[in-house]
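2 protein chains.
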Amino acid sequence: MAALRHQKPFILFWTDQSNKSRSLVMARHKEFDRETALHAAIGVFSEHGYEGTSTEELLTAMKISRQSMYDTFGDKRGLYLEALKRYNVESIDKIIADLRREGRPIEALEGALVAFASRPAAEARRGCLGVSAICEFGRTDAEVAALTDSAGHALHAAIESLLGEARRTGDLATDIDIADAIPFLGAALSGMKVSARNGAPPATLRGIARMAIRSLR
Amino acid sequence: MAALRHQKPFILFWTDQSNKSRSLVMARHKEFDRETALHAAIGVFSEHGYEGTSTEELLTAMKISRQSMYDTFGDKRGLYLEALKRYNVESIDKIIADLRREGRPIEALEGALVAFASRPAAEARRGCLGVSAICEFGRTDAEVAALTDSAGHALHAAIESLLGEARRTGDLATDIDIADAIPFLGAALSGMKVSARNGAPPATLRGIARMAIRSLR
DNA sequence: GTAATTCCAGACTGATCGATCCAAAAAACA
DNA sequence: TGTTTTTTGGATCGATCAGTCTGGAATTAC
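Protein sequence lines correspond, in order, to chains Y and X. To convert a position in the first sequence, counted from 1, into the numbering used here, add 137. To convert a position in the second sequence, counted from 1, into the numbering used here, add 137.
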């Protein structure tokens, strides 16, 4: 079923920590798709949070055995951290890609937010694992906080670049402090995610996106 | 320690469901303060979510015995629902009270958001139990969703009233659809709560609040 | 004093938790 | 074929979970 994939060196070294022999002459390949399994885990964690998810649920969704999960991801927490990291990276990459679509910076920002608002309802309802992690752990878990910060910095840098360009082209209102606008846009995105999780339809989310962009003009 | 309180009729009837006799002639009064215990539970649930909170943690924070908790709130879920309801009511009441402070509607909105942003960092860091409930349960739990909706409707009604007034006085930009502005302000509030939970200082939150209000002018 | 009720501390239960271990089948490659 | 590794399924572990129960002290009204 799952495509056959060769192990990356990183994985081999990791596995070698628990296995003594390093003779890689003959062995069975990893059969399940690590990416697919990880995305299944992202789905379950997004729906029920870390504490609300049991390993049984994870194994069922990931369609792998107990042993495979522990061999591949270490433990439940290791799986969660990797799922959160992957989710954050993909989520931010998608938004940054949308930000580079349009020519004019403000239009690009609006386009990216509107595109986010227009996601299929089923996907939006599942919620954002990044926001879920913030709400569940706050700043108390150092590793989770580091992942959150890493994603936040990447997003803020992309927005800052665009706002700087908007300032140069005169598209950004002169009385706006970019240092205020950056966290505002981040908060707007978080607010949209919470609203989506609470059942707001795409049309409502698009309205939120347009109102947020309005404050830049 | 805790002030002595007389039981409300509601509590008596509830207790009577489990106890056969209804002779209320002689009995010991409830000793601990129900409100205080509930607020302690709100604090713990806010910090760790529903699934991440154990009954032991709750009892320690509430400073009551196991039996008292089960007698008074039924079970963990009952306690959670009551804590969430209380939190939502008090949270919305506080904001609505702030909304009635200023004379001009837009200034009132800004004042309420800035006041919310200026809460003590310790309180803001603890997070919002309402947002936590949305993230943890989404729309899957009917009773939780009902409590969330109830609070949302009250907030939206208050904002709608103020925006309508702003429209009449000409303080609201004419090209703004109030139906868009209401969920936007709600999302802005949610976004501020997530940002606060993630460690954003009051100054940053105030910047977000001002940017949000900017879009109304 | 007596009955009724609340309080606390702690024992206890059955279920579920995350995690480990084992055995056997399957697959890869020499 | 033989060796090595992955895979699965299930057994099993100790810990913790929510919730119940008991016993005894405290507090109230009669």
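Glycine included, each C-beta is placed from N, C-alpha and C at the ideal position. In this text the structure is predicted, and so the values were computed from the model without any measurement.
Under the 8 Å criterion on CB atoms, residue 335 of chain X is classed as interfacial with respect to chain Y. The continuous stretches of alpha helix (DSSP H) do not include residue 265 of chain X, and DSSP gives it neither H nor E.
Using a CB distance cut-off of 8 Å, residue 311 of chain Y does not count as an interface residue toward chain X. Burial is judged here by how many other beta carbons sit within 10 angstroms of a residue's own beta carbon; residue 338 of chain X has fewer than 16 and is exposed.
The three-state reading of DSSP puts residue 166 of chain X in coil, since its state is none of H, G, I, E or B. Of all residues in the stretch 182-204 of chain Y, those with a C-beta nearer than 8 Å to a C-beta of chain X are 184, 185, 186, 187, 188 and 189, reading in chain order. The beta carbon of residue 308 of chain X lies closer than 7 Å to those of 241, 242 and 243 in the same chain, with the five residues before and after it left out. The stretch 249-269 of chain Y and the stretch 288-300 of chain X do not touch, with fewer than three beta-carbon pairs separated by less than 8 Å. Between the C-alpha atoms of residue 189 of chain Y and residue 181 of chain X there is a straight-line separation of about 16 Å. Sequence-distant partners of residue 230 of chain X (beyond 5 residues in either direction) whose C-beta falls short of 6 Å from its own C-beta are missing from its chain.
If you look at residue 346 of chain X, you'll find it in the alpha helix (DSSP H) that goes 339-351. Against chain Y, the beta carbon of residue 273 of chain X has neighbours under 7 Å at 186 and 189, listed in chain order. When 7 Å is used as the limit between beta carbons, residue 242 of chain Y is near no residue of chain X, the shortest such separation being about 17 Å.
Rounded to whole angstroms, the gap between the alpha carbons of residue 326 of chain X and residue 342 of chain Y is 14 Å.
Close partners of residue 345 of chain X in chain Y (Cβ separation under 9 Å): 317, 320, 321, 323, 324 and 325.
The C-beta distance from residue 183 of chain Y to residue 264 of chain Y rounds to 5 Å, short enough to fall under 8 Å. Residue 199 of chain Y is a Cβ neighbour of residue 178 of chain Y, given a cutoff of 8 Å. For residue 207 of chain X, the enclosing alpha helix (DSSP H) begins and ends at 203-210. Neighbourhood of residue 261 of chain X in chain Y, by CB distance below 7 Å: empty, with the nearest CB roughly 10 Å away. The Cβ-Cβ distance between residue 202 of chain X and residue 349 of chain Y does not fall below 8 Å.
Using a Cβ distance threshold of 8 Å, residue 267 of chain Y and residue 228 of chain Y count as a contacting pair.
Excluding the 5 residues flanking it on each side, residue 213 of chain X has same chain C-beta neighbours closer than 7 Å at 192, in chain order. By the neighbour-count definition (other C-beta atoms within 10 Å, threshold 16), residue 317 of chain Y is a buried residue.
Secondary structure of residue 309 of chain X (DSSP, three-state): coil.
Rounded to the nearest whole angstrom, the CA to CA distance from residue 330 of chain X to residue 207 of chain X is 31 Å. In terms of CA proximity to residue 321 of chain Y, X:333 leads the group X:235, X:272, X:223 and X:333. For the C-beta of residue 268 of chain Y, the chain X residues within less than 7 Å are, from N- to C-terminus, 272 and 331.
Taken residue by residue, none of the stretch 205-221 of chain Y has a beta-carbon sitting less than 7 Å from a beta-carbon on chain X.
For residue 315 of chain Y, the CB contacts under 8 Å within the same chain, skipping 5 residues up- and downstream, are 297, 300, 301, 304 and 309 in chain order.
At least 8 Å separates the beta-carbon of residue 256 of chain X from that of residue 336 of chain X. Distance check between residue 344 of chain X and each of Y:285, Y:259, Y:169 and Y:313 places Y:313 closest, using alpha-carbon atoms only. A buried status is given to residue 346 of chain Y, since no fewer than 16 other beta-carbon atoms sit within 10 Å of its beta-carbon.
Short of 6 Å from the beta carbon of residue 222 of chain X, and not among the five residues preceding or following it, lie these beta carbons of its own chain, in chain order: 284.
Residue environment for residue 215 of chain X: exposed (fewer than 16 other C-beta atoms within 10 angstroms of its C-beta).
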